[in-house]
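First up is the structure itself, then whatever we jot down about it.
Number of protein chains: 2
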Amino acid sequence: MTGTKKQSLYVIKVGGNVIDNEALLPAFLKDLSNIQGNFILIHGGGKIATRIGEKLGIEAKMVDGRRITDAQTIDLVTMVYAGLVNKQIVAKLQAIGCNAIGLSGADGNIIPATKRPVKTVDYGFVGDVKPEDINAHAVKALLDAGMNPVFSPLTHDGHGQMLNTNADTIASSLAIALGELYHVRLIYCFEKKGVLRDANDDNTVINLIDRPIYNQLLADNILFDGILPKLENAFAAIESGVGEVLIGHADDVLQNTTDAVAGTLIR
Amino acid sequence: MTGTKKQSLYVIKVGGNVIDNEALLPAFLKDLSNIQGNFILIHGGGKIATRIGEKLGIEAKMVDGRRITDAQTIDLVTMVYAGLVNKQIVAKLQAIGCNAIGLSGADGNIIPATKRPVKTVDYGFVGDVKPEDINAHAVKALLDAGMNPVFSPLTHDGHGQMLNTNADTIASSLAIALGELYHVRLIYCFEKKGVLRDANDDNTVINLIDRPIYNQLLADNILFDGILPKLENAFAAIESGVGEVLIGHADDVLQNTTDAVAGTLIR
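Chains X and H, in that order, give the protein sequences.
The first sequence begins at 1 in this note's numbering and counts up by one.
The second sequence begins at 1 in this note's numbering and counts up by one.
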């Protein structure tokens, strides 16, 4: 492959707080549809699952911010993530001329996973993903056919069982796997302006984070907890061949697909 | 295209009574995975939607055997059909080595539809499909990439709204649209042995029906109501270029993909 320039690919994760927000979502999808070139989207959707679960009498059980996925809950999130949320996003993208195709990790066997072993906590039907198991060529076949994959945060165990998987992790795993075929920019879109020095002040965005800066931020203990998994996933991606990672507000980060003037750039 | 022989494609509809039946479903999926060559599957799933709808306080409203699809109900069937039922089928097919990809009609804009106009009955968010609007080349791209599309019975209006569409109709429309690219056999799998002279006696299968025989059966008034839409769809498909239509039991009709010794063959 030496000498051939890889095509660009944006691997974009959007969180449940944007998906749930009727003010943010349409603008985000519009920005997405304006991207010149290849992209794939990975969406969350936790709050809608909790709301519908309550109506069905399925209680949300969380440990350390992670959902415990029992048999009832995997059916619930399969319905809500792969059905309701995924198809509403796809239908809305189609309406603005973007040829989306909604998938779970079971579809096309794109994201095989392993049920998380029980250690101190039994997370239930939760899947751990290895980037090297991802079927990147199936994703490329869809992109080459002019379709933009939109992934719900679900995988499967290869033995007939759907598994619940963190959307940030799916995004970084897809970014790493596709890094062999494309120059990948991984983008985490959420409701904050980027990685903040002060979680309550949107004017404290840290525009650039590399490994030494990250270590210093950790030592100073100034990063809010919710951002740590994103940063860990970001560095894992960078260290596995992903070109760059951008973290920021859904309104900003898709409008700067050549320069990182908004949000936090991870290198 | 003169002189080039078209590849074969099986367009297979399986009804909710098979999907819901834990004894029938595994054998059906196994037969499906043994098909040599291209196939696409279209599934129903009505009873599961009714059951989950009851828990959510959404009452099933039927007129002439058709579900009235109000705003709550389209969300319900999008969850259940495109989420739960579709992904469980896909995961089970993947487990037996069949590379399924689960879709709704919105995905890849494969099945655009029009919301049914209100006449005497307001069916709500129900979509009518024209075979000529179907994006057959997107289906071919998936098949060429080694993936077998599995469709839930949902379409979209192109303006962001999902629509509920009869699975038999989707199957015949897909069969017609794909008839330009493939030699298509359309197969309706259900829980009866075929079209029966006596609805209560499985030994009364009519093995072959052509238009004159159909007209005579109608005149004699011996066909049970549930089979009439299937036969109407079957003849519409035959008259629009589909090679043949086979109607029969899920256990039988996939095992006879070259001869129609089981079930009812429509010509």
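Think of the CB as a built atom: it goes at the ideal place given N, C-alpha and C, for glycine as much as any other residue.
Give the straight-line distance between the Cα atoms of residue i and residue j, rounded to the nearest whole angstrom.
i, j, result
"V126/H", "N17/H", "21 Å"
"C189/H", "Q36/X", "44 Å"
"N148/H", "P153/X", "22 Å"
"M1/H", "D107/X", "Only weak support is given to the placement of M1/H: the predicted model assigns it a pLDDT of 46, under 50, and the question is left unresolved by the model."
"D20/X", "G53/H", "22 Å"
"K61/X", "D70/X", "9 Å"
"F193/H", "I187/H", "Note that residue 193/H corresponds to Lys in the displayed sequence, not to Phe. Going by the C-alpha atoms only, they are around 13 Å apart."
"I170/X", "G102/X", "15 Å"
"G243/H", "A234/H", "11 Å"
"Y10/X", "S172/X", "11 Å"
"A27/X", "K140/X", "27 Å"
"E22/X", "Y214/H", "52 Å"
"V150/H", "H137/X", "20 Å"
"N164/X", "Q161/H", "27 Å"
"A219/X", "L32/X", "36 Å"
"A49/X", "V14/X", "16 Å"
"L142/X", "G65/H", "38 Å"
"G263/H", "V253/H", "6 Å"
"A250/H", "N207/H", "16 Å"
"Y104/H", "I209/H", "What sits at residue 104/H in the sequence shown is Ser, not Tyr. S104/H and I209/H: Cα-Cα distance of roughly 32 Å."
"I227/X", "T204/X", "14 Å"
"N34/H", "E239/H", "29 Å"
"L56/H", "L24/H", "28 Å"
"A82/H", "D75/H", "10 Å"
"I247/X", "N99/H", "34 Å"
"I58/H", "V118/H", "22 Å"
"R211/H", "G45/H", "30 Å"
"L196/H", "D144/H", "37 Å"
"V245/X", "S8/X", "13 Å"
"R51/X", "I68/H", "24 Å"
"T73/X", "D198/H", "44 Å"
"E191/X", "K130/H", "41 Å"
"G146/X", "Q216/H", "48 Å"
"D202/X", "P229/H", "59 Å"
Which residue comes first and which comes last in the beta strand (DSSP E) that contains residue i?
i, result
"N38/X", "38-43"
"K13/X", "8-14"
"V150/H", "148-151"
"T264/H", "264-266"
By the DSSP assignment, the alpha helix (DSSP H) with residue i in it spans what residues?
i, result
"H159/X", "Neither: H159/X is in no alpha helix (DSSP H) and is coded neither H nor E."
"I74/X", "71-77"
"T50/X", "46-55"
"L29/X", "25-33"
"A95/X", "86-95"
Can you tell me which of the options puts its alpha carbon nearest to the alpha carbon of residue i?
i, options, result
"V63/X", "L84/X, H249/X, D198/X, D122/X", "D122/X"
"L181/X", "I222/X, I96/X, P149/X, N135/X", "N135/X"
"K6/H", "R185/H, L265/H, L163/H, M79/H", "R185/H"
"N200/H", "N215/H, T73/H, I222/H", "I222/H"
"L132/H", "A177/H, L143/H, A138/H", "Rather than Leu, the amino acid found at residue 132/H in this sequence is Glu. The candidate whose alpha carbon is nearest that of E132/H is A177/H."
"I89/X", "H156/X, L231/X, L29/X, R211/X", "L29/X"
"Q94/X", "Q94/H, V14/H, P112/H, I96/H", "P112/H"
"A237/H", "L265/H, V77/H, N34/H, D144/H", "L265/H"
"K47/X", "P26/X, A27/X, V77/X, I40/X", "V77/X"
"A91/H", "I227/X, G263/X, D157/X", "D157/X"
"K115/X", "N166/X, N207/X, K230/X", "N166/X"
"N38/X", "I12/X, I74/X, E232/X", "I12/X"
"H159/H", "G45/X, G97/X, S104/X", "G97/X"
"H43/H", "E59/H, E232/H, V85/H", "V85/H"
"D168/H", "A100/H, L231/H, K87/H", "L231/H"
"I40/X", "L217/X, G179/X, D202/X, E191/X", "G179/X"
"D128/X", "G241/X, A175/X, D202/X, T155/X", "T155/X"
"N109/X", "G124/X, L174/X, I68/X", "L174/X"
"G241/H", "D225/H, H183/H, D202/H", "H183/H"
Minimum length 3: unbroken beta strand (DSSP E) runs contained in the stretch 177-254 of chain X
183-190, 244-249
Against chain X: residues of the stretch 99-131 of chain H by CB proximity under 9 Å
N99, A100, I101, G102, L103, S104, A106, D107, G108, N109, I110, P112
When Cβ atoms are compared, which residues of the stretch 63-92 of chain X fall closer than 8 Å to chain H?
D75, T78, M79, V80, Y81, A82, G83, L84, N86, K87, Q88, V90, A91, K92
Counting only Cβ-Cβ distances shorter than 7 Å, please list the residues of the stretch 234-246 of chain X near chain H, keeping chain order.
none
Check distances from the C-beta atoms of the stretch 38-61 of chain H to those of chain X and list, in chain order, the residues that come in under 7 Å.
K55, L56
Run through the stretch 103-155 of chain H for me and flag every whole beta strand (DSSP E) of 3 or more residues, listed as ranges in chain order.
148-151
Interface positions of the stretch 139-151 of chain H facing chain X (Cβ-Cβ less than 7 Å), listed along the chain:
A141, A145, M147
Selection of the stretch 156-189 of chain H by Cβ proximity to chain X, strictly under 7 Å
H156, G158, H159, G160, Q161, M162
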